[in-house]
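Please read the structure below before turning to the comments.
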Amino acid sequence: MQAIAPNKALTVERIFAEPSLSGHVSPDFEWSADGQQLAYLEASGAGADRERSLWAMNATTGARRLLVPAGKLKLQAGAGNPETQLTFRWAPDGGRLLLGASTSLTLLDLKSGLSRNVITGTDAISGAQFSPDGHWVSFVRGHNLWLMNLANGSVTALTKGGNEQLHTGEPDWLYSHEFGLKTAYWWAPDSSAIAYLEIDDRAVSKYPIPELLKRPAGVLWQQYPEAGGANPVVRVFVAKIAGHELSRMDTGGDSDVYVPRVRWMPDSKHLAIERMSRAQTKLDLLIASAATGRSRTILTESDPYWINVNEGPYFFRDGHRFLWSSERSGYRHLYLYDIEGREIRQLTRGHWEVCQIAVIDESGQSIYFTATEKSPAERHLYRIGIDGSGLKRITHAAGWHSVKISPRGQAFVDTYSNAMAPPRQDLMRADGSTIAAINSNETTGLSSYGRSPVEFLTITTHDDATLDAMMIKPVGFNPGRKYPVIVFMNGAPRQQAVRNAWDGWISLWHEMMAEKGFLIFAVDNRGSGGHGHLFEEPVHYRFGAQEISDQRDGVAYLRGLPYVDASRIGVWGMNYGGQLALHAMFKDPQDFKAGFAQSPISNWLLYRSAYAERYLGPPKTNSEEYQESSPVTTAMQLQGKLLVATSTGDEDIHFANTLALQSALTDAGRYAEIVTFPGQPEGITDPAALTLLFRRVTEFFVENLKETGLN
């Protein structure tokens, strides 16, 4: 029997209060071009008094120096939260920093300590960066690209005509959310030109987000391409800095494609452009002349299911070779190609996947990357030679390592957590030894709560597949007692429920429910990320089938445990996991007695085109696939108790999903408790709203899965 926990118990109010039990880590790091200096933000205080200062750390010694104190940084950021608004970029010479706020840019001279505002105004500014030679600062303002000459301070517009529907040099909503673009322009290595995307949203449908609490009430119109609707039209341009002459790159005659990645080649005369079919089953790598725009295809990837976009190609300085990643083997691995698109060799291989290339050290002939080689539930940093030899794991502590490595691979920032410990940040050498702690993140009071350990295990399905799972047993666990269970679902492609990583307030809420006598359980159903492309593919053309089949097998495993009461199993999830919770409640009422879905997708026809069509195909020809994948179709089968929470202002999973669900339930004569929060554009994130919501979620599971004697 486990030891009884201390008397101090977690509460919903404490989970979402300050100081955070998860602590705080620096959200952004920037390495100088020579890899000798690391800039980062450091927080102090809590709640409304929390503020940040800007520091630099020596990559060799770990010595720190204060660059901008908190008070001055707050002034630079202006009104609002400097944590979310301030950006900082090193000048190529390492002697200056560019500080970017919402409407201003400031240049900080590190030798003198003096700063000067170089761009001010009222219009929003984004994407600021130095040119590679340090002579220019570029930025986006008013949906156009601008240049500032640092020698004389002159500011000129590089593009014209940009507006809310025609983005130049900046990603629109779809490209930022679906393809992870933070900027949509790129400097040539010799600073002679800028390549940029022009993203035309004029044909894209508009979704109305009501702002009913304003006076007068209004509507925010969002450009949102729904499944089967018109997509953004993207064109690639190159603008010369001298004279601003434009050249359009030839990306083919079909405009209904995606252009997710653009890279300059080392000669500054050619661009590498990725062009992907709308069906996302074919990806071409084009090489285009920056001067004429003429292009040729050197490499084509095809997949009968779909292609996951990852990092673009890396071209070596010799101009004759490039690094490419592909999932053609069923797992993402690295390949070396020549400039004509001929494979030279496969560099990594095995039943594990490369997650992200951290840096390529050409002088040291090494590639650094994160991967799942040790376990799909963990992420570690690895090094391998450019010739494919000498694979070595650099990080060793069991858990989740997210790294920011210096340009030449001398050192890296390791943001590390595990399922029981919030993240900490350390400066590490390339061999994995520690230089200095950046942020030990010693959270106040967390150790005073009696938490139950997270256990990792595997289960076997009815068709002999092996799935990763996790379990948190109730605090004070007694194997002679039978416990209710809450199953957490997050089985989307490229996402995982089973991770040896700290999950913020979710980790804490699970521990709190374990204190209350619940067993917490999760399984990575097929379709989940982290296990390779082959593991994802069973969800092709059908959401909610393979996932729920695997979740049933998870319940079958639970039924075989003597300390589980199989008549008292609940389920919950968020977003994609929320729609899985709906599927579970509608399709598997014999297993799940109560369920909670936060911001669930209820009808895939209402979701964004690039995501829905990647897995389900075009609605025009695959209407049955959309119908069978949408929880609203089987809402009439609801038997248990259902709680749903949503935000009226969610820009991704629109409020229409909740209305469609409510309509389907009403038509079927079924009832669900629906909690609605106004605003909240990125889901329900406000601490006050989350406190109120999870107070109710906690009560909901206690009410519907309780027994006499439940804690």
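Going by the numbering used here, the letters in the sequence shown line up with residues 21 to 731, in that order.
Note that beta-carbon positions come from the ideal geometry of N, C-alpha and C, so glycine has one too.
Based on Cα-Cα distance, which residue from Asn461, Leu240, Asp220, Ala311 lies nearest to Pro228?
Among Asn461, Leu240, Asp220, Ala311, the Cα nearest to that of Pro228 belongs to Leu240.
Please state whether DSSP places Val695 in a helix, a strand or coil.
strand
For Leu354, which residues does DSSP report across the bridge?
Ser345
Alpha carbon of Arg715 to alpha carbon of Gly699, nearest angstrom:
20 Å
Pull up the distance between the alpha-carbon of Pro39 and that of Gly273, whole angstroms please.
56 Å
Alpha carbon to alpha carbon, how far is Val253 from Ala630?
About 13 Å.
Could you tell me which whole beta strand (DSSP E) segments of length 3 or greater appear in the segment 525-569?
539-543
Does the separation of the CB atoms of Ile49 and Val507 fall below 8 Å?
It is worth fixing the name first, because residue 49 is Phe in this sequence and not Ile. No, Cβ-Cβ distance for Phe49 and Val507 is not below 8 Å.
Helix, strand or coil for Trp166? Go by DSSP, reduced to three states.
strand
Looking only at its chain, what residues have a beta carbon closer than 8 Å to the beta carbon of Asp585, apart from the 5 residues adjacent to it on each side?
Sequence-distant Cβ neighbours of Asp585 in its own chain, meaning closer than 8 Å and more than five residues away, are Lys502, Tyr503, Pro504, Val505, Glu727.
Starting from Val507, follow the beta strand (DSSP E) in both directions and report where the run begins and ends.
503-509
Taking 8 Å as the cut-off, decide whether the C-beta atoms of Ser619 and Ala665 are in contact.
yes
By the 10 Å Cβ neighbour count, where 16 or more other Cβ atoms means buried, how is Arg235 classified, buried or exposed?
Arg235 comes out exposed.
My output table needs one value for Asn623: the three-state DSSP class, helix, strand or coil.
coil
If we count Cβ pairs, one from each stretch, closer than 8 Å, do we get three or more for the segment 261-269 versus the segment 310-318?
yes
Put Thr320 into one of helix, strand or coil per three-state DSSP.
Reduced to three states, the DSSP call for Thr320 is strand.
Proximity below 8 Å, CB of Gly120 to CB of Leu106:
yes
Using beta-carbon positions only, say whether Leu20 and Leu41 come within less than 8 Å of one another.
This structure cannot settle anything about residue 20, because the visible part of the chain is limited to 21 through 731.
Closest Cα partner of Met296 within the set Phe541, Asn172, Asn724, Leu305:
Leu305
Name the one or two DSSP bridge partners that Asn438 has.
Ala441
Using the Cβ count rule (16 or more neighbours within 10 Å means buried), how would you classify Ala391?
Buried.
Helix, strand or coil at Arg364 [DSSP, three-state]:
Sequence inspection shows Ile at residue 364; the Arg mentioned does not correspond to that position. Correct three-state label for Ile364: strand.
In or out: Leu86 buried (at least 16 other Cβ within 10 Å) or exposed?
exposed
For Ala204 and Leu725, what's the separation of their Cα atoms in angstroms?
50 Å
Identify whether Glu103 lies in helix, strand or coil by the three-state DSSP scheme.
Low per-residue confidence applies at Glu103: pLDDT is 44, beneath 50, and the placement is therefore not dependable, though the value from the model is reported in the following sentence. Three-state result, Glu103: helix.
Got a sec? Which residues, its chain only, sit under 8 Å from Lys289 by beta carbon, not counting five neighbours each side?
These residues qualify, in order along the chain: Ser309, Ala310, Ala311.
Residue range of the alpha helix (DSSP H) that includes His197:
193-198
Taking just the CA atoms, how far does Pro333 sit from Leu810?
As displayed, the chain neither begins before 21 nor continues past 731, which places residue 810 out of reach and without an answer.
Would you say Asn164 touches the ligand NAP, meaning its beta carbon is less than 7 Å from a heavy atom?
This structure lacks the ligand NAP; in fact it carries no ligand of any kind.
How many angstroms separate the CA atom of Leu735 from the CA atom of Thr435?
Nothing about residue 735 can be read from this structure; the chain reaches only from 21 to 731.
Do the segment 212-222 and the segment 598-609 make contact, defined as three or more Cβ pairs closer than 8 Å?
no
Minimum C-alpha distance to Lys640 - residue among Ala79, Ala247, Leu125:
Ala247
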